[in-house]
Amino acid sequence: MQAHRVALTRPASRTVSPCGCRLRRASSLSAVGLLALGGASTGAAAARADPAHPGEPTALVSAQPTRPVPIDRPQTPPAGPGRPAAAAPRTQAKAAANFSTFLELRDDFSRGQTGFSNAAVLRGDYAFTWNFSLRGDLPLAYVGDTEGQRDVGLGDILIRPLVRAVGTPRFALVLGTDLVLDSATKRALGSGKNLVAPLVQAYVRVARPARLGFQLQHTVSFGGDPRRDDIQSSTIREFAIIELPRGFWVSPDQAFSINHLRAPRVSSTSVLEVGAELSDRVQVYVDPGIQVDNRGAVTWMVTGAVRWAFPQRPRAPAIAAAPVQRAGAVQAATVEQAAGE
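So for the sequence shown, my numbering puts the first residue at 579; every next one is plus one.
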């Protein structure tokens, strides 16, 4: 009855019809019902938008239904006869130094005044995580001297764990050690000692396709043949990694080794690596070099290798890590050669 009286006191919108009061009341009740239904539907939509937080009645009335948020991603047009598929960029290194999983077959050759040596090395690197990798080298060596003596057999096996302590797009710090086992089957094929050689490597990206590197490594011998001389040496190494278009790269490398026990006291090793990425998983490289010691002895060196990468998760291409993975190979060869001389 109170609602009926309130309705009668409102100004009429229509006065010509004898049923105007009834129409007015009906329209008023219909408007109230529509508002109630609209509020209920809006509240239900808001509850669907955030079921964990139903909110207050006022908030539910003003809430808006959820809408899909467009994702900002590059739209790649579909490949067709007149529009070939776009190739993925090859040089998107996430850090200044990246670990990768690969299998490599390489050949290291060197010739000096006392003879030559050649080693076919099967190398494998496995990246357990972005910050830890493990390497193993299995060499088959062939050595000859100026007197015609020839020896062939298994050389010294190398194991190298590496840990990336810092990894950013501009700087990376890598810690690790080389463990060289006295596994040579003949005297001339190895140093005759077990070697441990801790190392630290630093990488600085000076431009998107160029990085500079620095390495310190100290080598100490233990165990092995007691008739062979002990080994203790230090190596200072500077290098650069320059990525070129079409999957090519160059890496100039300069190292100085100091023998703390005997001559030659100082030796310099200069290497220029040139490589190419044939596909997403296959790379090849060659690196000629020269070694000169303080006595004037000269040794010529050249290495050729082919590498098969096995990416197990989305990561930077192996080319970004190719010079990094090879970081201690020249030094290990230098230490072994110095020990043999």
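Using N, Cα and C, we set each Cβ at its ideal position, and we do this for glycine too.
{"Asked": "Given residue 821 as reference, the closest of 757, 686 and 855 once Cα atoms are compared", "Found": "855"}
{"Asked": "Spatial neighbours of residue 755 in its chain, beta-carbon cut-off 8 Å, leaving aside the 5 residues before and after", "Found": "738, 739, 774, 775, 776 and 777"}
{"Asked": "Given 8 Å, three or more beta-carbon pairs between the region 691-704 and the region 757-765", "Found": "no"}
{"Asked": "Three-way DSSP call (helix, strand, coil) for residue 745 in this model", "Found": "strand"}
{"Asked": "Residue closest to residue 724, alpha-carbon to alpha-carbon, out of 769, 746, 743 and 689", "Found": "689"}
{"Asked": "Span of the beta strand (DSSP E), counted from its first residue to its last, around residue 827", "Found": "826-837"}
{"Asked": "Paired residues, beta bridge with residue 689 - DSSP", "Found": "694 and 878"}
{"Asked": "Within 8 Å, strictly: CB atoms of residue 791 and residue 780", "Found": "yes"}
{"Asked": "Neighbourhood of residue 714 by C-beta distance below 6 Å, restricted to the same chain and skipping five residues each side", "Found": "702 and 737"}
{"Asked": "First and last residue of the uninterrupted beta strand (DSSP E) at residue 816", "Found": "810-821"}
{"Asked": "Check whether residue 864 and residue 882 have beta carbons under 8 Å apart", "Found": "yes"}
{"Asked": "Contacting residues, own chain, Cβ-Cβ under 6 Å from residue 699 (five flanking each side not counted)", "Found": "684, 715 and 717"}
{"Asked": "Between the CA atoms of residue 814 and residue 894 - distance to the nearest angstrom", "Found": "Caution applies to residue 894, whose pLDDT of 47 falls short of 50 and renders its modelled position unreliable; the model cannot decide the point."}
{"Asked": "Range covered by the beta strand (DSSP E) that runs through residue 783", "Found": "772-785"}
{"Asked": "Rounded separation between residue 709 and residue 848 - CA only", "Found": "29 Å"}
{"Asked": "Element boundaries [beta strand (DSSP E), containing residue 866]", "Found": "860-871"}
{"Asked": "Spatially closest choice to residue 817 from 704, 784 and 770, by CA coordinates", "Found": "784"}
{"Asked": "Test item: CB-CB of residue 687 and residue 880 under 8 Å", "Found": "yes"}
{"Asked": "Beta strand (DSSP E) segment containing residue 855, residue limits", "Found": "844-855"}
{"Asked": "First and last residue of the uninterrupted beta strand (DSSP E) at residue 888", "Found": "That residue, residue 888, is in no beta strand (DSSP E); it is neither H nor E in DSSP."}
{"Asked": "Residue 828 versus 804, 746, 853 and 889, residue with shortest Cα-Cα distance", "Found": "853"}
{"Asked": "Whether residue 802 touches residue 772 by CB criterion (8 Å)", "Found": "yes"}
{"Asked": "Where the beta strand (DSSP E) containing residue 795 begins and where it ends", "Found": "788-800"}
{"Asked": "Own chain residues within Cβ distance below 6 Å of residue 758, not counting five before or after", "Found": "734, 736 and 773"}
{"Asked": "Residue 994, enclosing beta strand (DSSP E) - first and last residue", "Found": "Since the first residue shown for the chain is 579 and the last is 919, residue 994 is missing from the structure and cannot be characterised."}
{"Asked": "Unbroken beta strand (DSSP E) run spanning residue 765, endpoints", "Found": "Taken as a continuous stretch (DSSP letters only), residue 765 belongs to no beta strand (DSSP E), as it is neither H nor E."}
{"Asked": "Per-residue burial, residue 743 [other beta carbons within 10 Å of its own, 16 or more giving buried]", "Found": "exposed"}
{"Asked": "Identified DSSP bridge partners for residue 804", "Found": "Answer is none; residue 804 lacks a bridge partner."}
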